[in-house]
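>
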Amino acid sequence: MDDKATTQLRLIAEIEGVLRSARIRFWLRGGWALDFLIGRITRQHSDIDLVTWRRHASRIERLLVEAGYRVATVTDLAAIHFEKSAQDIGIAFIAKDEDGTIVTPGREFWPWPEGAFPATEMRLEGITCRTMSAAALLEEKENYEKHSGRALRPKDVESIAVLRSLV
Numbered sequence: 001m002d003d004k005a006t007t008q009l010r011l012i013a014e015i016e017g018v019l020r021s022a023r024i025r026f027w028l029r030g031g032w033a034l035d036f037l038i039g040r041i042t043r044q045h046s047d048i049d050l051v052t053w054r055r056h057a058s059r060i061e062r063l064l065v066e067a068g069y070r071v072a073t074v075t076d077l078a079a080i081h082f083e084k085s086a087q088d089i090g091i092a093f094i095a096k097d098e099d100g101t102i103v104t105p106g107r108e109f110w111p112w113p114e115g116a117f118p119a120t121e122m123r124l125e126g127i128t129c130r131t132m133s134a135a136a137l138l139e140e141k142e143n144y145e146k147h148s149g150r151a152l153r154p155k156d157v158e159s160i161a162v163l164r165s166l167v
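Taken in order, the sequence shown gives residues 1 to 167; the numbers are from this note's numbering.
(1) Helix, strand or coil: how does DSSP classify V167 here?
(2) Assuming A116 and S133 are in contact, meaning their beta carbons sit under 8 Å apart, how far apart are those beta carbons, in whole angstroms?
(3) E142 by DSSP, collapsed to three states: which one?
(4) Rounded to whole angstroms, what's the CA-CA distance from E83 to I48? Just pull it up for me.
(5) Work out the CA separation of R20 and D35 for me, nearest whole Å.
(6) Is it true that the segment 131-146 meets the segment 95-115, where meeting means three or more beta-carbon pairs spaced less than 8 Å apart?
(7) Leaving out five residues on either side along the sequence, give the residues of the same chain with a beta carbon under 7 Å from the beta carbon of C129.
(8) Per DSSP, Q87 is paired with what?
(9) Check for me: the beta strand (DSSP E) holding E121 runs from which residue to which?
(10) Near E61, what residues of its chain come up, given a Cβ to Cβ distance below 7 Å and the 5 sequence neighbours on each side ignored?
(11) So, with DSSP's three-state summary, where would you put R130?
(12) Who does F26 pair with in a DSSP beta bridge?
(13) Thinking C-alpha only, which one of E66, G126 and R43 is nearest A22?
(14) I need the boundaries of the beta strand (DSSP E) containing R70, first residue and last residue.
(15) For I94, which of helix, strand or coil comes out of DSSP?
(16) Assign A5 to one of three DSSP states: helix, strand, or coil.
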């Protein structure tokens with residue numbers, strides 16, 4: 001395992017501890033979620049992606065700043081990015097709309113599929129963390145280009161193949 005992966009795993013464990021102590025649920029998303037689902041590190045990751053409920057945003061910001069994280073950017077109601085140890089940690093926010101569908105505020109046109117945020121915890125390198133479901137990660141990857149307007153990257157194509165095998 002390289003230094004970057006070691007640092008990112010340390011940060012995942014640290015965030016998990018801080019948020020668990022505050023009784024705030026979150027889920028890994030993206031590449032680290034896939035790695036936790038399959039139980040091994042598949043590649044080097046450029047960042048750490050998390051998802052949690054929008055109602056916790058101000059508490060999370062306060063808790064992580066107290067833990068030495070720096071707020072890098074805030075994206076309207078949808079996300080906040082932190083930085084620590086030269087790593088980017090993005091936290092996307094979710095909320096329930098009026099009919100109970102889980103959405104990212106400001107991106108209601110792309111709701112999260114049912115079952116996207118299970119209570120199950122996965123384990124990798126001695127760290128336990130909730131992850132988004134494989135089906136939700138696959139849906140996100142398969143619709144990425146349509147909703148973002150950006151082409152799939154080679155790592156996305158690889159992730160889709162792995163996620164299809166899991167689903």
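C-beta atoms are modelled at their ideal positions from N, C-alpha and C, and glycine is treated no differently.
With the given structure in hand:
(1) coil
(2) 6 Å
(3) helix
(4) 10 Å
(5) 21 Å
(6) yes
(7) I12, E16, L28, F36, E121 and M122
(8) K84
(9) E121 to L124
(10) V71 and I80
(11) strand
(12) T52
(13) E66
(14) R70 to T75
(15) strand
(16) helix
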